[in-house]
Structures are given as C-alpha cells and as structure tokens.
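**Q** Numbering-wise, the numbering used here comes out as the position in the sequence shown, counting from 1, plus 30.
Pasting a structure here, questions to come.
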Amino acid sequence: MNQQTLISQNDAKYKNARLSLLLIVLFSVVNVFSMTFGDTYFLFSAFLPQILVMVGLELTYEAGDNLYMIVAMVIAVISIVPYLLCWIFSKKRVGWMIAALVFFILDSLLFVESLIAMLSAGEFSFILDLLFRIWALGSIIMGVVYGVRAKKEAKEKKDAPVEEVQDEYISDIQRTITVVRKKSFVGSAVPIVCYVNGKAVCALKNGETQTFQIDERAVQMSGALSNGLGVGDIDIPAGTTNLTYEMVMKMGFSSNYVVFTPIQG
C-alpha cells in the first residue's frame, strides 16, 4: 500500500469520526427540546445537557415557574457549543478532535456516575445508553488516531525528496482487467471509483461490471467511493492477463472500506 493510499484511508476514517461528532451535536440539541417538551430522548448524545434539562424541569415543577426550565434549556444548549466548535475546527486541526475526546470523556464520567446510581437502585434501562456511548467514544478515539496518522504522513510526504515516479499508469495497453462490483447495501447509492497507481480509470455503480486495459507491469488497483470515503486496494502482479476482480463495499467499526477479491476463470 503506497503512502498516498494510506493518507487517503486515514483522511476518510477521520471524516467518518467527524461525522460521528456532528451526530453527537445534533442529537444533543434535539434531546434538549424533546426532553423539555416531551418525554423522549435519543441515544448518541452528550449526557450533561440531559442532566441540566432534568434539573430545570424538577425546579420548574417544585417552584411552578417556567423560568427555571428556560434557563436550564439555555445552559444545556451552551454546554453543547464546545462540541460544535470542535467539529468545525477539527476539519483542519486534529487538536480540536482531541479536545472533543476530552470533553466526551468528562461527560462519560458523569454518565458512569449516574449509571452506577441507577444500577444500585435496580434500574437497568441505561444499559443501551452505555453501549451507544462506548461506540461513540470509540469512534472519537479512532478519529484522533487516524487524524494524527494523516497529519504525520502528510508531513512526511511534504518533506520527502521529489522523485520521478516510474511506475505510473501509462497508455501502453497490453492486458485487460475486469472489475465486478458486487451488489451491497453499504454505499449502494454512491459509485466506487477505481484507480490504477492513483489515476482514475472507471467508476462503477452498485452491481455494475466494467473492463479497462493496463500495461504488463505490476500495479496497484484501489477503489473509493466518489465522495472520497471507503478506500481499499489490491496489488496486481506483472505479466498476468485477463484478470477479473470482485469489488464490494464493507462496513467497518469506524468507517466503510472497499475489498477486492480475485475471481478465478
């Protein structure tokens, strides 16, 4: 796997982690209003805003004054702002994703404290919340990991001496490659773009088959959704002819990825 592909993979997985962070922001805001004006809440959100809303509702009930509820809602929304800022600025600086991780860890400690109290009282309804929180925390952690990797590899690529690339895909056509995109629900709405040594050669919709030609040298074929996510690759040996590969998008823990499988025939 070449460095360009590694950077693309890390960038794609970092984008997925930022998407998870955005979902936390959105669901947290929705929960502030759904808990205030209803009796429902969504998983995959920060816990502190929920606590603030519950305190506001309790004070409103005891004092009979809606001012407590309004103040609690405002403070709850303000408590979500740091996550929003982390999402906005993490696009270019991984340090903001690290900050989001710190905020979510502190929020999780508050959740665990409440969870222990609930379990001690024989209440197990928060178990599902715990599972979703673990998933969200893992997603942010992996986002930090992939963000740091992408930044490091981009710096190494920038500092590396410029060399003439000798194995680029060229137009001396001598053999045929067939790619069959297997039907899959994952990424089905977006075409997968096939690359040979980093240059796009075709784009396949779900269930589609395409054929293209390359020279006899060993090359690397990679694939990614047209939106830049879900990178995967395979090395094609030199000299082999009439090769067919099945390509499918699969779902991973923190991101989707493309898998190539040679088809004998």
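Virtual Cβ for every residue (Gly too), placed ideally from N, Cα, C.
Apart from the five residues just before and just after N61, which ones in its own chain have a Cβ nearer than 8 Å to its Cβ?
**A** Taken in chain order, the residues that qualify are Y71, F72, S75, P79, Q80, V83.
**Q** Restricting to Cα atoms, I'd like to know which of V210, T291, F77, K229 is closest to Q302.
**A** Because residue 302 is not part of the residues shown, which for the chain are 31 to 295, the question remains open.
**Q** Determine whether the beta carbon atoms of A254 and V223 lie at a separation below 8 Å.
**A** Result yes, Cβ atoms of A254 and V223 sit closer than 8 Å.
**Q** Looking at the secondary structure, which residues open and close the beta strand (DSSP E) in which V297 lies?
**A** With the chain covering 31 to 295 only, the question about residue 297 has no answer from this structure.
**Q** Give a yes or no on whether the minimum CB-CB distance between I105 and chain B is below 8 Å.
**A** Among the chains of the structure shown, chain B does not appear; only one protein chain is present.
**Q** Are the CB atoms of A296 and V261 nearer to each other than 8 Å?
**A** Any property of residue 296 remains undetermined from this structure, which presents the chain solely from 31 to 295.
**Q** Mind checking which residues open and close the beta strand (DSSP E) that includes S252?
**A** Taken as a continuous stretch (DSSP letters only), the beta strand (DSSP E) holding S252 covers 249-255.
**Q** If you draw a straight line from the alpha carbon of V288 to that of R123, how long is it in whole angstroms?
**A** Distance between the alpha carbons of V288 and R123: 27 Å.
**Q** If I'm right that A106 touches L51 with Cβ under 8 Å, what's the distance once you round it to whole angstroms?
**A** Contact doesn't hold; Cβ gap of about 18 Å is too wide.
**Q** In angstroms with no decimal places, state the Cα-to-Cα distance between I264 and I128.
**A** Approximately 32 Å between the Cα atoms of the pair.
**Q** Which residues mark the beginning and the end of the beta strand (DSSP E) in which Q243 is found?
**A** Unbroken beta strand (DSSP E) run through Q243: 239-244.
**Q** Could you pull out every residue in the same chain whose Cβ sits closer than 6 Å to the Cβ of L89, ignoring the five residues on either side in sequence?
**A** The residues are Y98.
**Q** Going by CA-CA distance only, name the one from V249, I164, K181 that's closest to G125.
**A** Among V249, I164, K181, the Cα nearest to that of G125 is on K181.
**Q** Can you have a look at S169 and say buried or exposed, based on whether 16 or more other CB atoms are within 10 angstroms of its CB?
**A** That one is buried.
**Q** Assuming L167 contacts F77 under a Cβ cut-off of 8 Å, what Cβ separation, rounded to an integer in Å, is found between them?
**A** At roughly 12 Å, the Cβ-Cβ gap does not stay under 8 Å, so L167 and F77 are not in contact.
**Q** Since Y225 contacts A47 with CB under 8 Å, what's their CB separation in whole angstroms?
**A** Actually they do not touch by this definition, with Cβ atoms about 24 Å apart.
**Q** When you compare only the Cα positions, how much space is there between Y275 and V55?
**A** Between Y275 and V55, the C-alpha separation is close to 40 Å.
**Q** DSSP on T70, reduced to helix/strand/coil?
**A** Coil, per DSSP.
**Q** Would you mind working out which of I110, S155, I118 sits nearest D137, comparing C-alpha positions?
**A** Closest by alpha carbon: I110.
**Q** Measure the C-alpha to C-alpha separation of T206 and Q250 and round it to an integer number of angstroms.
**A** Between T206 and Q250, the C-alpha separation is close to 14 Å.
**Q** Please report how far the alpha carbon of V59 lies from the alpha carbon of F67, in whole angstroms.
**A** Distance between the alpha carbons of V59 and F67 is about 13 Å.
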